[in-house]
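Trainee:
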Amino acid sequence: MNTTKPISNRLVLGRENRSIWKRMFKDRYMYMLMLPILVYFFIFKYIPMYGAIIAFKDFKFVDGINGSEWVGLEHFIRLFTSQDFYKIFRNTLFLSLCDILATFPAPIILAILLNEVHNRVFKRTVQSLLYIPYFISWVVLGGIVINMLSPTSGVVNQILGLFGVEPIYFMKSNAWWVVAYVGSSVWQSAGWGTIVYLAAITSIDMEQYEAAIIDGANKWQQIWNITLPSISGTIAIMLILKMGHALDLGFEHVYMMQNDAVLGISEIISTYEYRVGLEGMQYSYTTALGLFKGIVGLILVTGTNWVVKKMGNSGLW
Amino acid sequence: MNKRISVGERVFYIANYIFLTLCAFVAIFPFFNVISLSLSSSRAIVSGEVYLLPVEFNFGAYQNLIEDGQLLVAMKNTVIITVVGTLINMVGTIMVAYPLAKRTLIGRKPIMSLIVFTMLFSGGMIPNFILVKTLGLMDTYWALWLPGIVSVYNMIIMKSFFENIPDSLIEAAQIDGANDIYVLVRIVLPLSLPVLATLTLFYAVGWWNNYFNVMIYINSSEKLSLPVKLMQMINNFNDTLLQSGEGAGLQEDMVPEAVKSAAIVITAIPIMCVFPFLQKYFVKGVMIGSVKG
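Read top to bottom, the protein sequences are chains A and B. First residue of the first sequence: 10, per our numbering; consecutive thereafter. First residue of the second sequence: 3, per our numbering; consecutive thereafter.
#1: I need the boundaries of the alpha helix (DSSP H) containing proline 114 of chain A, first residue and last residue.
#2: Going along chain B in order, which residues have a C-beta closer than 8 Å to the C-beta of phenylalanine 50 of chain A?
#3: With a cut-off of 8 Å, do at least 3 Cβ pairs link the segment 10 to 23 of chain B to the segment 117 to 131 of chain A?
#4: Return helix, strand or coil for aspartate 169 of chain B, following the three-state DSSP convention.
#5: Quick one: is glutamine 267 of chain A buried, meaning 16 or more other Cβ sit within 10 Å of its Cβ, or exposed?
#6: Have a look at A:Lys54, A:Asn156 and A:Leu207 and flag the residue whose alpha-carbon is nearest the alpha-carbon of leucine 122 of chain A.
#7: From the DSSP output, read off the bridge partner residues of aspartate 257 of chain A.
#8: Please list, in chain order, all residues of the same chain as serine 194 of chain B whose beta carbon is under 8 Å from its beta carbon, the five residues on each side excluded.
#9: Kindly list the residues whose CB is nearer than 7 Å to the CB of isoleucine 240 of chain A, restricted to its own chain and excluding five residues on each side of it in sequence; keep chain order.
#10: Would you call lysine 302 of chain A buried or exposed, if buried means 16 or more other Cβ atoms sit within 10 Å of its Cβ?
#11: What three-state label does DSSP hand lysine 231 of chain B in the structure shown?
#12: Assuming the contact rule is C-beta atoms closer than 8 Å, tyrosine 100 of chain B and valine 36 of chain B should be a hit. Round their C-beta distance to whole Å, please.
#13: For a quick check, are the C-beta atoms of serine 182 of chain A and valine 263 of chain A less than 9 Å apart?
#14: By the 7 Å beta-carbon criterion, what residues does the segment 163 to 180 of chain B contribute toward chain D?
#15: For the segment 50 to 77 of chain B, list every residue whose C-beta sits within 8 Å of some C-beta in chain A, in sequence order.
#16: Output yes or no for whether 9 Å exceeds the beta carbon distance between serine 42 of chain B and alanine 260 of chain B.
#17: So that I know if they touch, is there some Cβ in chain A lying closer than 9 Å to that of serine 246 of chain B?
#18: Here's the rule: buried if 16 or more other CB atoms are within 10 angstroms of the residue's CB, otherwise exposed. What is glycine 249 of chain B?
#19: Are the C-beta of lysine 262 of chain B and some C-beta of chain A separated by less than 9 Å?
#20: Can you confirm whether glutamate 224 of chain B, when its beta carbon is compared against all beta carbons of chain A, has any partner nearer than 9 Å?
#21: Could you check whether the Cβ of tyrosine 310 of chain A sits closer than 9 Å to any Cβ belonging to chain B?
#22: Whole angstroms are fine: how far does the CA of phenylalanine 131 of chain B sit from the CA of isoleucine 62 of chain A?
#23: Would you list the residues sitting across from lysine 66 of chain A in a DSSP beta bridge?
#24: Going by Cα to Cα distance, which pick from B:Ile113, B:Val57 and B:Leu201 is closest to tyrosine 283 of chain B?
#25: Taking the C-alpha atoms as reference points, what is the distance between isoleucine 97 of chain A and tyrosine 218 of chain A?
#26: May I ask you to report which of helix, strand or coil DSSP gives arginine 19 of chain A?
#27: Taking C-alpha atoms, which residue in B:Gly62, B:Thr269, B:Ile83 and B:Phe33 lies nearest to threonine 142 of chain B?
#28: Hey, would you say serine 162 of chain A sits closer than 9 Å to valine 257 of chain B, going by beta carbons?
#29: When the Cα atoms are used, what is the spatial distance from lysine 318 of chain A to isoleucine 249 of chain A?
#30: Is the beta carbon of leucine 133 of chain B less than 9 Å from the beta carbon of phenylalanine 53 of chain A?
#31: Anything in chain B within Cβ reach of lysine 66 of chain A, meaning under 9 Å, just list it in chain order.
#32: Using 9 Å as the limit for Cβ to Cβ distance, is threonine 142 of chain B near chain A?
#33: Just how far apart, CA to CA, sit histidine 84 of chain A and aspartate 93 of chain A?
#34: Measuring straight from C-alpha to C-alpha, what distance separates valine 316 of chain A and asparagine 156 of chain B?
#35: With DSSP run on the structure shown, which of helix, strand or coil describes tryptophan 326 of chain A?
#36: Can you tell me whether DSSP reads lysine 319 of chain A as helix, strand or coil?
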C-alpha cells in the first residue's frame with residue numbers, strides 16, 4: 010500500500026521506517042479484512058476502466074481486450090459525425106434538465122412546508138405516505154404510469170372524461186411523454202428527498218426565528234431569510250450529486266416508459282448504449298460513447314464541486 | 003413559538019395542511035388505483051368505473067397468475083437473489099468500512115480516494131458486460147452478486163457510523179488484549195444495529211427491484227426475477243392487445259389490465275409491506291449519510 014504519504018505529516022519525522030512497519034503489523038487484521046474487498050474494487054471497477062480502451066480498438070470476444078486491433082479515433086469520429094449522437098445527446102440533456110428543474114426544488118419546498126406543520130401525527134402520516142413511491146421498482150412505476158395514462162382504461166382519461174375531455178394518448182405524444190416522465194420522477198423521489206432537508210432544517214437554531222418574529226418578519230420572510238440560507242450547504246451537496254448524474258440519466262426509468270412512437274424524444278445515451286451496444290453488439294462504438302459520457306460526468310461533478318466551493322460552501326471533497 | 007397568530011399566518015397554515023394532504027393523496031392514489039384494478043371485474047374495468055376502490059370485487063386475476071405459475075417461480079428467484087445478495091453486501095461493506103473507520107490506519111486516505119473515485123467514474127456499460135462474460139458468469143446469479151459487492155455510498159454511511167463510536171469503548175477492549183476482529187464482532191457490530199438495519203434494507207430494496215443486470219446477464223427463462231418477468235408480461239399483453247385480444251394464457255372474460263395490475267401488485271407489495279415497520283431506520287440511515295455527504 011501507499012505508506013509514504015501520510016507519514017510525512019505525522020510526528021514520526023525522526024524515527025526510521027521500522028515504526029511504520031510496526032504500526033502496519035499491529036493493524037494486520039485490518040488489512041487482511043479489507044484486502045478481499047480491495048481486490049473486488051480492482052477487478053470489478055478498475056479493470057472495466059482499463060477495458061474502456063476498446064473504444065480505441067475493434068473489440069471482438071475471440072481476440073479479447075488486449076488482442077483486438079487498434080483503430081485509433083475511428084469510433085469517436087463515427088460517433089461525433091453521426092446523426093444519432095446529436096439526437097441522443099440533445100435528448101439526454103433536455104430530459105436531464107427537465108428532471109433536475111422539477112425534482113430538485115420539489116423536496117426542498119415539501120420539507121419547508123412539512124416543517125411548518127405542528128401536528129405531529131399529521132406530519133408523520135404525510136411523510137410516510139410520501140416516502141412509499143421511492144421503494145417501488147421502475148418496472149412497477151412504468152407499469153402503473155402506462156396503466157393510468159392509457160386512453161382506453163386509464164384512470165386519468167376517465168377523470169378527464171368526466172369533464173368531457175376526449176381521451177388523450179399520453180404515451181404516444183412527445184410533449185405528454187416528457188410530462189409523464191418528469192411527473193413520475195417527482196412522484197417517485199420528492200418525498201424521500203425531504204428527509205435530508207428536514208434533518209438540515211431541524212438543526213437550525215430556533216432563536217433566529219424568535220428574533221425575526223420580534224422584528225416583525227412574516228412567514229415568507231422567515232423562510233427566505235433564515236431557513237433557506239441555513240440549509241444552503243445541504244442544497245449545494247445535493248446539487249453536486251445530481252449534476253454528476255446529469256448524463257447518467259437513469260436507464261431503467263426511461264426504458265420502462267419508452268415506446269416506438271416517442272423514440273425521437275426518449276432515446277437517451279444509456280438506452281442507446283444498450284440497444285446499439287449490447288443488442289446490436291457494436292461494443293467498441295458504444296464504449297466510445299460510454300467513455301464520452303463518463304468523462305463529461307466527471308467534469309460536471311468536479312466543476313460543480315469547484316463552483317460550490319467558490320461560493321463559500323464546503324464541497325463534496 | 004408565538005401565541006399570537008395573525009390572520010395571514012392562519013391562512014398559511016390552513017393552505018399548508020390542504021396542500022400537504024393533496025400531496026399525500028397524489029403519492030398513494032396510483033397504488034389504490036392499481037390494487038383496485040387487480041380486484042375488479044373485467045366489466046367494471048372496461049366500462050371505466052374503477053377509481054379508488056375495487057368494483058365487483060374478485061380474485062380472478064390473482065387466480066389466473068397463480069395457476070400460470072411463472073410469476074411464483076420468478077418470486078422465488080427474486081427472494082434468492084435478494085437474500086444472498088444482501089448477505090454478501092453486508093459482509094463486504096463491513097469488511098471495508100471497519101478498517102477505513104480507524105483514523106490511524108496507514109494508507110487510509112489513498113485507499114479511500116481510490117474507492118470514492120469509482121463512484122465518480124466507471125468503465126461503462128460495455129466494459130462491465132465484457133468483464134462478466136469473460137469471467138464466465140453469464141446466466142448465473144454470480145453475474146449479479148459479484149459486480150455489486152459494495153456500494154460506495156452505503157460504505158461511507160457505515161464508516162461514518164463506526165467513526166462515531168466512542169474510542170474509549172474500543173481501547174478498553176484492546177487493553178484487555180482483544181484483537182481487531184474480536185472488537186469488531188463483540189463491540190462495534192452490536193453497537194451499530196441501526197446502521198446495519200438501514201443498510202440491509204437499502205441493499206435488499208435494490209436487489210428486489212433490480213432489473214437491468216438480470217435483463218442483460220440472465221438468459222434462462224426459469225431463472226428470471228420478478229421485475230423482468232413482469233416487464234415481459236406487460237409487453238406480451240400489449241402485443242396481444244394490438245393483435246387480437248386473445249391468447250397470452252388468459253382465461254375467458256379476463257381483461258389484460260386486471261392481470262397486469264395483479265402482477266404489478268405482486269411485484270410491489272412485499273417491499274411496501276416491510277416498509278412501515280422499518281421506516282425509522284431508513285430515515286436515520288439517510289441522515290447519517292447526509293452528514294458526510
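Glycine residues also receive a C-beta, built at the ideal position from the N, C-alpha and C atoms. Treat the numbers as computed from the prediction; the structure is a model and nothing was measured.
Mentor: Inspection of the coordinates gives the following:
#1: Proline 114 of chain A: member of the alpha helix (DSSP H) spanning 114 to 124, first to last residue.
#2: Within 8 Å Cβ-Cβ: Leu116, Ile117, Thr120 and Val152.
#3: Yes, the segment 10 to 23 of chain B is in contact with the segment 117 to 131 of chain A.
#4: Three-state DSSP puts aspartate 169 of chain B in a helix.
#5: So glutamine 267 of chain A counts as buried.
#6: Selected option, being the one with the closest Cα: A:Leu207.
#7: Aspartate 257 of chain A is not bridged to any residue.
#8: For serine 194 of chain B, where only same-chain residues beyond five positions count, the Cβ hits under 8 Å are Met160, Phe163, Phe164 and Ile167.
#9: Annotation for isoleucine 240 of chain A: Tyr206, Ala209 and Ile210 place their beta carbon closer than 7 Å to its own, counting only its chain and skipping 5 residues before and after.
#10: By the 10 Å Cβ count, lysine 302 of chain A comes out buried.
#11: In this structure, DSSP gives lysine 231 of chain B a helical state, which the three-state scheme calls helix.
#12: That pair is no contact at about 42 Å.
#13: It is not a contact, given that the beta carbons lie outside the stated cut-off.
#14: In the structure shown, chain D cannot be found, because the protein chains are A and B.
#15: Along the segment 50 to 77 of chain B, the positions whose C-beta sits under 8 Å from a C-beta of chain A are Gly50, Val52 and Tyr53, read in chain order.
#16: Yes, these two residues count as a Cβ contact at 9 Å.
#17: Note that serine 246 of chain B scores 45 on pLDDT, short of 50, meaning its location in the model is unreliable and no value can be drawn from it.
#18: With a pLDDT of 43 at glycine 249 of chain B, under the threshold of 50, the modelled position of that residue is not reliable, and the figure given next carries that caveat. The residue in question, glycine 249 of chain B, is exposed, as its Cβ has fewer than 16 Cβ neighbours within 10 Å.
#19: Yes, lysine 262 of chain B lies at the interface with chain A (some Cβ there is under 9 Å from its Cβ).
#20: Closer than 9 Å: no.
#21: For the sequence presented, residue 310 of chain A should be read as valine rather than tyrosine. Interface criterion met: the Cβ of valine 310 of chain A is under 9 Å from a Cβ in chain B.
#22: Rounded to whole angstroms, the gap between the alpha carbons of isoleucine 62 of chain A and phenylalanine 131 of chain B is 14 Å.
#23: Answer is A:Trp79.
#24: That would be B:Leu201, whose Cα lies nearest to the Cα of tyrosine 283 of chain B.
#25: In this model, isoleucine 97 of chain A and tyrosine 218 of chain A are separated by some 48 Å (Cα to Cα).
#26: Residue confidence for arginine 19 of chain A is low, a pLDDT of 49 falling below 50, so the modelled location carries little weight; the figure read from the coordinates is stated next. Three-state DSSP puts arginine 19 of chain A in coil, outside helix and strand.
#27: When each option's Cα is compared against that of threonine 142 of chain B, the closest is B:Ile83.
#28: At a Cβ-Cβ threshold of 9 Å, serine 162 of chain A and valine 257 of chain B count as neighbours.
#29: C-alpha separation (whole angstroms): 11 Å.
#30: Yes. Within cutoff.
#31: By Cβ distance, chain B contributes nothing, its closest Cβ being about 12 Å from lysine 66 of chain A, past 9 Å.
#32: Not closer than 9 Å to any Cβ of chain A, the Cβ of threonine 142 of chain B fails to qualify, so no.
#33: One C-alpha to the other measures close to 13 Å.
#34: If you take the alpha carbons of valine 316 of chain A and asparagine 156 of chain B, they lie about 26 Å apart.
#35: Coil, per DSSP.
#36: Note: lysine 319 of chain A maps to helix in three-state DSSP.
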